[in-house]
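For reference, the structure discussed in these notes is given below.
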Amino acid sequence: IDGGGIRGLSSLYILRSIMMALDCKVDATIPRPLLPCQYFDLIAGTSTGGLISIMLGTLQMDIDTCINEYIDMAPEIFPVEDIVSSGKLGKLIKVARGKHRFDPGPLEMAVKRLVKKHLGSKAIGGEDAAFKFEASRDNKTPQCKVFVCVTSEKLGKSFRFRSYESPWDIIDDCLIWQACRATSAAPTFFPPMVIGKPPIAYVDGGLGYNNPIRLVMDEARHIWPRSREIGCIISVGTGMLVSRDIGRTILPLFESLKSMATDTEKVAREFREEIKHKYGVNQRVYFRFNVQHGLEQVGLEEWKELDRTKVATQEFLANEWSQIEACAAQLHYPMGM
Numbered sequence: 001i002d003g004g005g006i007r008g009l010s011s012l013y014i015l016r017s018i019m020m021a022l023d024c025k026v027d028a029t030i031p032r033p034l035l036p037c038q039y040f041d042l043i044a045g046t047s048t049g050g051l052i053s054i055m056l057g058t059l060q061m062d063i064d065t066c067i068n069e070y071i072d073m074a075p076e077i078f079p080v081e082d083i084v085s086s087g088k089l090g091k092l093i094k095v096a097r098g099k100h101r102f103d104p105g106p107l108e109m110a111v112k113r114l115v116k117k118h119l120g121s122k123a124i125g126g127e128d129a130a131f132k133f134e135a136s137r138d139n140k141t142p143q144c145k146v147f148v149c150v151t152s153e154k155l156g157k158s159f160r161f162r163s164y165e166s167p168w169d170i171i172d173d174c175l176i177w178q179a180c181r182a183t184s185a186a187p188t189f190f191p192p193m194v195i196g197k198p199p200i201a202y203v204d205g206g207l208g209y210n211n212p213i214r215l216v217m218d219e220a221r222h223i224w225p226r227s228r229e230i231g232c233i234i235s236v237g238t239g240m241l242v243s244r245d246i247g248r249t250i251l252p253l254f255e256s257l258k259s260m261a262t263d264t265e266k267v268a269r270e271f272r273e274e275i276k277h278k279y280g281v282n283q284r285v286y287f288r289f290n291v292q293h294g295l296e297q298v299g300l301e302e303w304k305e306l307d308r309t310k311v312a313t314q315e316f317l318a319n320e321w322s323q324i325e326a327c328a329a330q331l332h333y334p335m336g337m
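Number 132 in the UniProt record's numbering belongs to position 132 of the sequence shown; there are no gaps in the numbering.
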């Protein structure tokens, strides 16, 4: 799941359509609502996509619950008075002085509340439950693995925070809320999240892996043997973004932030060609959904534009229903690569 701030709601509406189509195919005796964590072996994301991945995979929310929680969190995380009072020039000056636009406290409190509410007694620690918690699940129920993308602020190197044991882990004592906070630490918006001993400062992985699809494939190949076929790969974007006029700036960071949305589609196109080259044109295992029009002017923090996000995504889905159906069919009866 791509990063995209508030526009992450678009990815949730897309996933909702996929789960609704799947619902029509699954036996009526299966309990409803269907949970994404029951149908995906691995869910991963960057920034907002990382937060959503944890909500769906680790906290085991159904799509509608996740959408409602996401909408409720938005005004807490991005208070409107901060947006309005600073103005366009004020935002630029604030960032140029090395300050971040938003206080991370409300984000941390919101995530802790979600962990406590949805994890309950399944893990020790309540709101401070470890990311690698041992949940009290039926052994017959396969566990959905989750990882989120982060970047070392000092080294500029990408890392993955995982909900499962891995020989490539660099940190063992990460809490769920810390993983959410780290992957959501978009530069200029929130300060880095400092974790571990010795302490390391992390920001989100958006500048390098805003579309984390290649990391997902790499991770899957490390987790499962190559003899195991991959039945379905779904990549979900948060809409195309065009640069809004913020004036001429000497800060290279702004140019990097502007290019992220374009890079996600470039990665998506390249990955599709890789799938064709390696596994054949007719193997329908890879699906990419990303709203092309309507979200261009919605900023990462503009929660008052959630209605526009919904309408633009609905219009996109109306023209993508055949692909949604094909994707749901692949989830239900995976052909494999």
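Every residue gets a Cβ at the ideal spot worked out from N, C-alpha and C, and that includes glycine.
When you compare only the Cα positions, how much space is there between residue i and residue j?
i	j	result
E296	F147	28 Å
T46	R288	16 Å
I195	D41	27 Å
I30	Q60	16 Å
K140	G299	Unreliable positioning characterises K140 in this predicted model, as indicated by a pLDDT of 46, which lies under 50. A coordinate reading is not provided.
R272	D64	29 Å
I6	Y164	28 Å
N210	A268	11 Å
M73	A110	7 Å
A312	G126	37 Å
R221	Y202	25 Å
T264	G237	8 Å
G294	D103	29 Å
G57	C180	13 Å
R214	Q292	21 Å
V285	C66	25 Å
S158	T151	4 Å
N319	D2	21 Å
I83	G4	Unreliable positioning characterises I83 in this predicted model, as indicated by a pLDDT of 48, which lies under 50. A coordinate reading is not provided.
R162	P192	18 Å
L107	H277	42 Å
K266	I234	16 Å
C327	K122	32 Å
residue 339	I71	Summary: the structure shown does not reach residue 339, with the chain confined to residues 1 through 337, and so no result is reported for it.
R32	S17	15 Å
P198	K154	13 Å
L51	T183	7 Å
S10	D62	16 Å
W321	A21	9 Å
M240	G205	18 Å
C149	P187	14 Å
Y13	D307	12 Å
Along the chain, where does the alpha helix (DSSP H) containing residue i start, and where does it finish?
i	result
V26	Unbroken run through V26: none, as it is neither H nor E.
E325	W321 to H332
M109	G105 to L119
C180	I176 to T183
G50	T48 to S53
Checking contacts by CB at 8 Å: is residue i closer than that to chain B?
i	result
T313	Chain labels in this structure do not include chain B; a single protein chain is all it has.
Is residue i helix, strand or coil when you go by DSSP?
i	result
A312	helix
V267	helix
T151	strand
A130	strand
L295	coil
L34	coil
L59	coil
L215	helix
L300	coil
H222	helix
T65	helix
I77	helix
D173	coil
S10	helix
I71	helix
E229	coil
A318	helix
D307	helix
I275	helix
G4	coil
G125	coil
From what residue to what residue does the beta strand (DSSP E) around residue i run?
i	result
M193	M193 to I195
S158	S158 to R162
Provide the residue(s) that pair with residue i in DSSP beta bridges, ordered along the chain.
i	result
L42	K145
residue 362	Limits of the chain in this structure are 1 at one end and 337 at the other, which puts residue 362 out of reach.
S17	Looking at the DSSP assignment, S17 forms no beta bridge with any residue, so it has no partner.
V203	T151
* Counting pairs of beta carbons, one from the stretch 172–186 and one from the stretch 225–244, are three or more of them closer than 8 Å? -> no
* Asked: Is it true that the stretch 122–134 meets the stretch 17–26, where meeting means three or more beta-carbon pairs spaced less than 8 Å apart?
  -> no
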